[in-house]
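Here the structure is laid out as structure tokens; the discussion comes afterwards.
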Ligand SMILES: *Cc1c(COP(=O)(O)O)cnc(C)c1O
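Residue numbers (my numbering): 41 to 438.
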């Protein structure tokens with residue numbers, strides 16, 4: 041075997057072995073074998089920008105320059121591919137960097153994308169203020185309404201159908217299998233932003249999606265200590281396009297960030313189960329409380345997407361939204377009175393967060409079709425003692 045292929049080959053073998061294992065085993069082991077020289081059990085932080093060549097072009101394990109490939113990032117990328125049941129994973133500096141790479145790798149000026157009518161704010165901004173200027177335009181449709189998504193597709197022009205499920209902050213559910221069929225029938229690819237579910241609860245590629253994107257800042261990283269993004273695909277032609285743009289545009293995850301995200305990924309399943317346990321108890325409390333007018337959680341039988349969510353998700357996640365009696369003033373007061381729940385944006389970390397979408401994450405969509413109710417409060421339920429979380433909400437509701 042040519043020397044320069046050895047490292048790549050070893051990684052593929054690791055990958056194949058790991059793919060046959062359970063999710064938890066893959067989250068911990070996929071993408072990395074203990075270092076052959078030192079035996080390091082965990083991927084070291086390779087803080088090296090460049091690599092010694094054994095004669096001109098004689099790369100060791102394919103490493104040449106750290107924008108193109110870095111061993112710490114390679115380990116994370118292998119693990120991400122494995123937990124999403126994909127073939128190739130790519131790690132980026134942020135979720136939006138990952139999204140930008142997908143848009144520019146897979147569309148051309150003059151082409152069109154269908155996006156969720158309640159897309160993550162940064163995703164909407166990327167399409168509306170960046171991709172559009174570049175020449176790729178978009179239409180919005182509700183991911184819960186497969187027919188509306190189909191109607192928004194412009195046959196021949198639409199190259200991507202882009203969905204989130206669950207969405208933010210209304211936790212709308214899209215039927216990934218049905219959406220994949222609609223996209224493929226029109227010759228488009230289905231992209232799923234899997235940030236809210238995480239690969240532990242939902243694996244879109246196994247349901248027909250072509251591309252998965254993540255903000256690994258959220259559940260995958262899981263500790264609110266790093267910003268990162270990911271793309272995972274199965275198709276090797278798509279992988280080649282993403283790989284080319286990842287290197288050409290260069291918004292890669294650095295080795296320190298890749299290390300942190302990989303460290304988070306190894307405990308995703310343990311954390312996520314506790315996020316779900318705690319969210320279920322918080323939902324039960326809120327649902328029975330007269331100070332709350334509506335609880336939005338895909339695990340509730342009353343949620344319009346419950347049946348689809350039950351089919352495509354292992355559990356229903358750690359995000360909970362609710363509306364309060366007493367309107368916007370009460371919603372703001374609840375956010376400000378909470379003590380265990382920290383008043384902050386973002387989500388998916390070990391610590392519980394509370395926010396008012398109307399004035400915080402979704403302030404920029406006020407007055408548009410994307411406006412959210414002003415009596416809405418969003419929780420990212422963390423993994424603290426659940427009794428403390430419920431008591432905090434009880435107190436905060438006043
Ligand atoms: C946070 C988030 C993003 C953007 O990710 P960054 O890491 O902040 O760039 C994209 N999609 C969803 C659903 C998110 O929650």
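Glycine included, every Cβ here is placed at the ideal spot set by N, Cα and C.
These figures come from a predicted structure and were not determined experimentally.
Residue pairing of residue 65 in beta bridges, as defined by DSSP: absent, with no partner found.
Relative to ligand 1, residue 233 has its C-beta within less than 7 Å of a heavy atom. For residue 333, the CB contacts under 6 Å within the same chain, skipping 5 residues up- and downstream, are 363 and 365 in chain order. Taking C-beta atoms as the reference points, residue 312 and residue 241 count as a pair closer than 8 Å. Residue 413 counts as buried, since no fewer than 16 other beta carbons sit within 10 angstroms of its beta carbon.
One alpha carbon belongs to residue 216, the other to residue 430, and they sit about 33 Å apart.
Using a 10 angstroms sphere on the CB of residue 174, the tally of other CB atoms stays under 16, which defines it as exposed. One Cα belongs to residue 230, the other to residue 153, and the distance between them is close to 10 Å. The Cβ-Cβ distance between residue 407 and residue 258 does not fall below 8 Å. Closer than 7 Å to some heavy atom of ligand 1: that does not describe the Cβ of residue 199. Burial is judged here by how many other beta carbons sit within 10 angstroms of a residue's own beta carbon; residue 124 has at least 16 and is buried. Sequence-distant partners of residue 160 (beyond 5 residues in either direction) whose C-beta falls short of 6 Å from its own C-beta, in its chain, are 208. Linking residue 73 to residue 139 through their CA atoms gives a straight-line distance of about 29 Å. Only exposed fits residue 284, as fewer than 16 other CB atoms lie within 10 angstroms of its CB. Spatial neighbours of residue 200 in its own chain (CB-CB distance under 7 Å, excluding positions within 5 residues in sequence) are listed in chain order as 146, 147, 153, 228, 229 and 231.
In this model, residue 111 and residue 144 are separated by some 25 Å (Cα to Cα). Annotation for residue 208 indicates a beta carbon within 7 Å of some heavy atom of ligand 1.
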